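Chains as they are written, first to last, in my numbering: chain A, 1 to 198; chain B, 1001 to 1198. Glycine is no exception: its CB is placed at the ideal position from the N, C-alpha and C atoms. Keep in mind it's a predicted model, so treat the numbers as computed, not measured. Okay, structure first, notes after.
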DNA sequence: CAGACAAACATACGCTGCGTATGTTAGTTG
DNA sequence: CAACTAACATACGCAGCGTATGTTTGTCTG
């Protein structure tokens, strides 16, 4: 094993802290997660935490950024393999809803994130999911598939709808059934963006 | 002044606590609001709080219920004076977006509420706003104006879209301008529920 | 290559704040 | 009017965050 450089050690420490925080925040929620327990689980102390991330919020920010980027990557991968750009948008929305079913996403990104860090669109990660949706909508407008609406406004509402659907599904007794209802309603609403039909 | 009955005193105490909590939660957020300061402002101590509401969460629940009911009443009043049921739904949505601009609603009901109390639809207040929207949608379906979609699913997504729009607006530099963009996009999405157009 | 310097943590401390256990007062009932 | 209880206030313990202060280990320079 080659001797570890300083930078590598730091990166490893940060990664360990973020990994532990991800699990703790998802399981207990931000407020109930103890920084002492968190750091001890990976053989560190709070000293490492406050050195690397400033404070508890800083750690949450790092966790949120990581998850958010993973979500955007997954959503984009799913959306890009659809037959048409329009179907891509719908698939992207459905994927977003499904991802939000994971406790990590739900608890950390959708519930505690906004409450502790404020409006998601102001986050450093710039809410990757939102940006991806905006680009897709803009492309659809350019293709003449979607009406020349405000792409950002439409994307934000679409994402908001998907987000709320996810909360609904997660709290339900029969997630699979509710998921189907939510996706159907999502497709229906999104159709409002299309140019005249029939 | 007639001698105050015991029940009246209790009701007055509860009202004072809820009023103080509303202000404190809206201004500082749930986590940063101190129960000591809160109660002292209305000449009480934490003893009164834990006796009447059980714990800090209980107080938040009471505050949320109160605001939620006020919102539903306002939205219903606005929606019911529209020319048609369809315009009523749109007006209701717009009203919901506008109400969410108030710090009280935004901070307490939309951010801290879900994070601390969990999914809003599981709240004792049953999320009055959602119920109102569902009823409106069901009526529109019965009238043949809206496609026979899942009323609950559609209502939840509509509300979610409005909610997200509100967060966006509140964080923007030019709320009035963004409000207009959001309402326009909302009308556009909602149109997806209509039966065939043109 | 030795000494200085700073980064990367660990340790120790204080303070805030929640919840609870225990008092105290005032109203209600038999 | 005496016993009882609801409605608070007071007092205490404890967890947890942030910070101030050590300590070690790498890195850089003359």
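(1) What is the rounded straight-line gap between the Cα of residue 1196 of chain B and the Cα of residue 1042 of chain B?
(2) Under 9 Å between the Cβ atoms of residue 1079 of chain B and residue 1070 of chain B?
(3) Residues of chain B with a CB under 8 Å from the CB of residue 188 of chain A: which are they?
(4) Would the beta-carbon of residue 1101 of chain B fall within 9 Å of that of residue 1166 of chain B?
(5) Are three or more beta carbon pairs between the stretch 1109 to 1129 of chain B and the stretch 1057 to 1074 of chain B nearer than 8 Å?
(6) Could you say which of B:1153, B:1014 and B:1111 lies nearest to residue 169 of chain A if we only look at CA atoms?
(7) Report the neighbours of residue 181 of chain A on chain B: residues whose CB is nearer than 8 Å to its CB, in chain order.
(8) Closer than 7 Å by C-beta to residue 1 of chain A: which residues in its own chain qualify, once you throw out the five before and the five after it? Chain order, please.
(9) What are the start and end residues of the alpha helix (DSSP H) that includes residue 1123 of chain B?
(10) In chain A, which residues lie less than 8 Å from residue 1086 of chain B when you measure between Cβ atoms?
(11) For residue 98 of chain A, return the contacting residues in chain B, with the cut-off set at a CB-CB distance below 8 Å.
(12) Under three-state DSSP, which class holds residue 1063 of chain B?
(13) In this structure, does DSSP put residue 1044 of chain B in helix, strand or coil?
(14) Classify residue 76 of chain A: buried if its beta carbon has 16 or more other beta carbons within 10 angstroms, exposed otherwise.
(15) Where residue 146 of chain A and residue 40 of chain A are concerned, what is the direct C-alpha to C-alpha distance, given to the nearest angstrom?
(16) With three or more C-beta pairs closer than 8 Å as the rule, is the stretch 172 to 187 of chain A touching the stretch 1021 to 1028 of chain B?
(17) What are the residues of the stretch 1030 to 1046 of chain B that lie near chain A, defined by any Cβ-Cβ distance shorter than 9 Å?
(18) In chain order, what residues of the same chain lie with their CB nearer than 6 Å to the CB of residue 113 of chain A, ignoring the 5 residues before and after it?
(19) Skipping 5 residues on each side, what residues in its chain have a beta carbon closer than 7 Å to that of residue 116 of chain A?
(20) Which of the residues in the stretch 114 to 142 of chain A, read from start to end, lie with their CB under 9 Å from any CB of chain B?
(21) Whose C-beta lies closer than 7 Å to the C-beta of residue 1033 of chain B among residues of the same chain, with five residues either side of it excluded?
(22) Compare the Cα-Cα distances from residue 1084 of chain B to each of B:1018, B:1015, B:1136 and B:1010 and report the closest residue.
(23) Can you name the residues of chain B whose CB is closer than 8 Å to the CB of residue 112 of chain A?
(24) Got a sec: which bits of the stretch 155 to 168 of chain A sit with their beta carbon under 7 Å from any beta carbon on chain B, in order along the chain?
(25) Mind checking residue 1151 of chain B: buried by the 16 CB within 10 Å criterion, or exposed?
(26) Cα separation between residue 98 of chain A and residue 1044 of chain B?
(27) Under DSSP, the alpha helix (DSSP H) around residue 164 of chain A begins and ends at which residues?
(28) For residue 1092 of chain B, which residues in chain A fall below 9 Å Cβ to Cβ?
(29) How about residue 1089 of chain B and residue 192 of chain A: are their beta carbons less than 9 Å apart?
(30) Any beta-carbon of chain A closer than 9 Å to the one on residue 1184 of chain B?
(31) Who are the neighbours of residue 1024 of chain B on chain A, taking C-beta pairs under 9 Å?
The answer reads as follows:
(1) Here residue 1196 of chain B is taken as the residue at index 196 of the second chain, counted from 1. Here residue 1042 of chain B is taken as the residue at index 42 of the second chain, counted from 1. Near 57 Å, if we compare the C-alpha coordinates of residue 1042 of chain B and residue 1196 of chain B.
(2) By 1-based counting over the second chain, the position of residue 1079 of chain B is 79. By 1-based counting over the second chain, the position of residue 1070 of chain B is 70. For residue 1079 of chain B and residue 1070 of chain B, no; Cβs fall outside 9 Å.
(3) Working through the first chain from its first residue, we reach residue 188 of chain A at position 188. Chain B residues near residue 188 of chain A: 1147, 1149, 1154, 1192 and 1193.
(4) The residue labelled residue 1101 of chain B in the question sits at position 101 within the second chain. The residue labelled residue 1166 of chain B in the question sits at position 166 within the second chain. Yes, they are a contact pair.
(5) yes
(6) Taking the first residue of the first chain as 1, we reach residue 169 of chain A at position 169. When each option's Cα is compared against that of residue 169 of chain A, the closest is B:1153.
(7) As a first step, residue 181 of chain A must be located in the first chain, where it is residue number 181. Under the 8 Å cutoff, chain B gives 1150, 1152 and 1153.
(8) Along the first chain, read from residue 1 onward, the residue named residue 1 of chain A stands at position 1. Unreliable positioning characterises residue 1 of chain A in this predicted model, as indicated by a pLDDT of 41, which lies under 50. The coordinate reading is nonetheless provided below. So no residue of the chain qualifies.
(9) Residue numbering aside, residue 1123 of chain B sits at position 123 when the second chain is read from its first letter. Where residue 1123 of chain B is concerned, there is no enclosing alpha helix (DSSP H), given that its DSSP letter is neither H nor E.
(10) Counted from its first residue, the second chain places residue 1086 of chain B at position 86. Neighbours of residue 1086 of chain B on chain A: none; closest Cβ ~13 Å, over 8 Å.
(11) Here residue 98 of chain A corresponds to residue number 98 of the first chain, with the count starting at 1. By Cβ distance, chain B contributes nothing, its closest Cβ being about 15 Å from residue 98 of chain A, past 8 Å.
(12) Numbered from its first residue, the second chain carries residue 1063 of chain B at position 63. Correct three-state label for residue 1063 of chain B: helix.
(13) Residue 1044 of chain B sits at position 44 when you count from the first residue of the second chain. Reduced to three states, the DSSP call for residue 1044 of chain B is coil.
(14) Position 76 of the first chain, counting from 1, holds the residue named residue 76 of chain A. By the 10 Å Cβ count, residue 76 of chain A comes out buried.
(15) For this step, residue 146 of chain A is matched to residue 146 along the first chain. For this step, residue 40 of chain A is matched to residue 40 along the first chain. Going from the Cα of residue 146 of chain A to the Cα of residue 40 of chain A covers about 52 Å.
(16) no
(17) 1030 and 1031
(18) One-based indexing of the first chain puts residue 113 of chain A at position 113. Taken in chain order, the residues that qualify are 64.
(19) Position 116 of the first chain, counting from 1, holds the residue named residue 116 of chain A. Excluding sequence neighbours, residue 116 of chain A sits near 30, 57 and 60.
(20) 114, 115, 116, 118, 119, 120, 121 and 122
(21) In the second chain, the residue the question calls residue 1033 of chain B occupies position 33. Cβ within range, chain order: 1024 and 1025.
(22) For the purposes of this step, residue 1084 of chain B is taken as the residue at position 84 of the second chain. It is B:1136 whose Cα lies nearest to the Cα of residue 1084 of chain B.
(23) Numbered from its first residue, the first chain carries residue 112 of chain A at position 112. Within chain B, the residues near residue 112 of chain A are 1115.
(24) 156, 157, 159, 160, 161, 163, 164, 165, 167 and 168
(25) Within the second chain, the letter at position 151 stands for residue 1151 of chain B. Buried.
(26) Taking the first residue of the first chain as position 1, residue 98 of chain A is located at position 98. Taking the first residue of the second chain as position 1, residue 1044 of chain B is located at position 44. Those two C-alpha atoms are separated by around 47 Å.
(27) The sequence position of residue 164 of chain A within the first chain is 164, counting from 1. 151 to 171 is the span of the alpha helix (DSSP H), which, as asked, contains residue 164 of chain A.
(28) Residue 1092 of chain B sits at position 92 when you count from the first residue of the second chain. The premise fails here: residue 1092 of chain B is roughly 15 Å from chain A at the closest Cβ pair, so nothing lies under 9 Å.
(29) As a position in the second chain, residue 1089 of chain B is number 89, starting the count at 1. As a position in the first chain, residue 192 of chain A is number 192, starting the count at 1. Cβ distance not < 9 Å, so residue 1089 of chain B and residue 192 of chain A don't count as in contact.
(30) By one-based count along the second chain, residue 1184 of chain B stands at place 184. Taking Cβ atoms only, chain A reaches closer than 9 Å to residue 1184 of chain B, which makes this a yes.
(31) On the second chain, residue 1024 of chain B is found 24 positions in, with the first residue counted as 1. Going along chain A, no residue has its Cβ under 9 Å from residue 1024 of chain B, so there is no contact; the nearest lies around 16 Å.
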